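Those letters in the sequence shown? Residues 494 to 720, by the numbering used here.
Where a beta carbon is used, it is the ideal one built from N, C-alpha and C, also for glycine.
Here the structure is a predicted model, which is why all the values come from computation and not from measurement.
Read the structure below first, then the notes.
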Amino acid sequence: MQHATASWLVDNTALSFDQIADFCGIHILEVNAMADDLASSKYTGRDPVQAHELTHEEIEKAEKDPDYRMVIQKGPDQVRRTKGPRYTPVSKRQDKPDGIAWLLRNHPEISDAQVGKLIGTTRTTINAIREREHWNIANIAPKDPVTLGLCSQRELDAVVAKAAKKAGIEPEIADDTKLGGDKRALIAELQEERAQAARDAEAALSGEAEEDKAPVEHTAETLFKDR
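This is the structure we're talking about:
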């Protein structure tokens with residue numbers, strides 16, 4: 494989430510664009526575009542302090558020294574369950590049907606067993622949602638389980654890749670190409686805007702110089718004014 498983190502740092506710190514770009518691993522022109530509200534996509538800021546990636550002391554140290562490069566903090570190793578069903582916090586359990594519906598609609602190649610393991614649900618619930626026989630089907634709206642916090646993007650990608658390989662589906666790489674194209678287009682747009690501003694400034698200075706060189710028309714009043 495480099496861009497979301499960069500957006501937060503731009504809005505909440507006095508760090509230089511170089512420091513933010515270096516820490517987030519993105520191009521400095523992308524940071525500049527965020528600061529100037531020129532980015533085509535508006536990112537919701539992500540606080541790296543709450544994510545235990547930075548400390549306030551580290552940010553303050555970098556603000557005082559523009560040449561300093563911040564170092565990401567290593568958080569505590571997470572304890573992962575290796576056996577048994579996935580644990581889902583009570584506050585998120587009501588979102589499970591929405592995540593299941595999203596998977597059934599967008600990734601039909603994923604088996605019920607994989608969906609159950611990824612979301613932490615049963616085949617009975619999955620089948621009820623598929624057949625629209627779930628008791629709350631009228632209120633179920635398909636939503637990305639990653640956004641809902643039911644699984645991580647890495648886990649979802651791994652399951653999708655495994656299911657696609659088994660089903661003989663070619664992986665899509667259009668997203669990476671599109672991201673690269675958008676990045677190049679943004680950089681080209683910023684460069685063109687700066688070049689145009691330089692041309693406008695040069696034209697303005699040239700106009701002022703021409704005015705200074707323009708001949709002055711003398712009248713009888715101006716000729717005899719100082720006499």
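Can you name, in chain order, every residue of its own chain whose Cβ lies under 8 Å from the Cβ of residue i, other than the five neighbours on each side?
i, result
"residue 571", "Any reading at residue 571 needs caution, since the residue's pLDDT is 49, under 50, leaving its predicted position unreliable; the model's value is listed next. For residue 571, where only same-chain residues beyond five positions count, there are no Cβ hits under 8 Å."
"residue 607", "652, 655 and 656"
"residue 660", "602"
"residue 618", "589, 590, 593 and 627"
"residue 542", "548, 549 and 552"
"residue 494", "539"
"residue 639", "645, 646 and 649"
"residue 616", "605, 606 and 609"
What three-state label does DSSP hand residue i in the structure shown?
i, result
"residue 667", "Reliability fails at residue 667, whose pLDDT of 45 lies under 50, so the model's placement of it is uncertain and the value that follows must be treated cautiously. Residue state, collapsed to three classes: helix."
"residue 507", "coil"
"residue 600", "coil"
"residue 638", "helix"
"residue 613", "coil"
"residue 513", "helix"
"residue 652", "helix"
"residue 684", "helix"
"residue 679", "helix"
"residue 497", "helix"
"residue 537", "coil"
"residue 619", "helix"
"residue 547", "coil"
"residue 692", "helix"
"residue 566", "coil"
"residue 589", "helix"
Smallest Cα separation from residue i: which of the options?
i, options, result
"residue 587", "655, 630, 661 and 530", "630"
"residue 496", "632, 538 and 553", "538"
"residue 524", "640, 542 and 500", "500"
"residue 650", "620, 617, 516 and 599", "599"
"residue 634", "658, 597 and 527", "597"
"residue 643", "552, 614 and 660", "614"
"residue 636", "612, 528 and 693", "612"
"residue 641", "595, 617 and 605", "595"
"residue 502", "552, 639 and 638", "552"
"residue 687", "609, 529 and 504", "529"
Quick one: residues in its chain with C-beta nearer than 7 Å to the C-beta of residue i, no 5 flanking neighbours on either side, listed in chain order?
i, result
"residue 521", "510, 511 and 514"
"residue 566", "545, 546, 547 and 548"
"residue 555", "508, 512, 561 and 563"
"residue 504", "538"
Only counting the same chain, and skipping five residues up and downstream in sequence, which positions put a Cβ closer than 6 Å to that of residue i?
i, result
"residue 670", "Low local confidence applies: a pLDDT of 47 at residue 670 is under 50, so the model's placement there is unreliable, with the coordinate-based value given in what follows. Answer for residue 670: no residue qualifies."
"residue 516", "563"
"residue 498", "517, 539 and 541"
Throw me the rounded Cβ distance for the residue i and residue j pair, which I believe falls under 8 Å.
i, j, result
"residue 593", "residue 656", "Contact flag wrong, Cβ pair sits at about 15 Å."
"residue 622", "residue 590", "6 Å"
"residue 683", "residue 526", "6 Å"
Kindly indicate if chain C contains any beta-carbon less than 7 Å away from that of residue i.
i, result
"residue 499", "This model lacks chain C altogether, as it is built from one protein chain only."
Check your understanding: Between the segment 544-562 and the segment 507-514, are three or more C-beta pairs nearer than 8 Å?
Key -> A contact exists between the segment 544-562 and the segment 507-514.
Check your understanding: Between the segment 614-627 and the segment 676-684, do three or more beta carbon pairs fall short of 8 Å?
Key -> no
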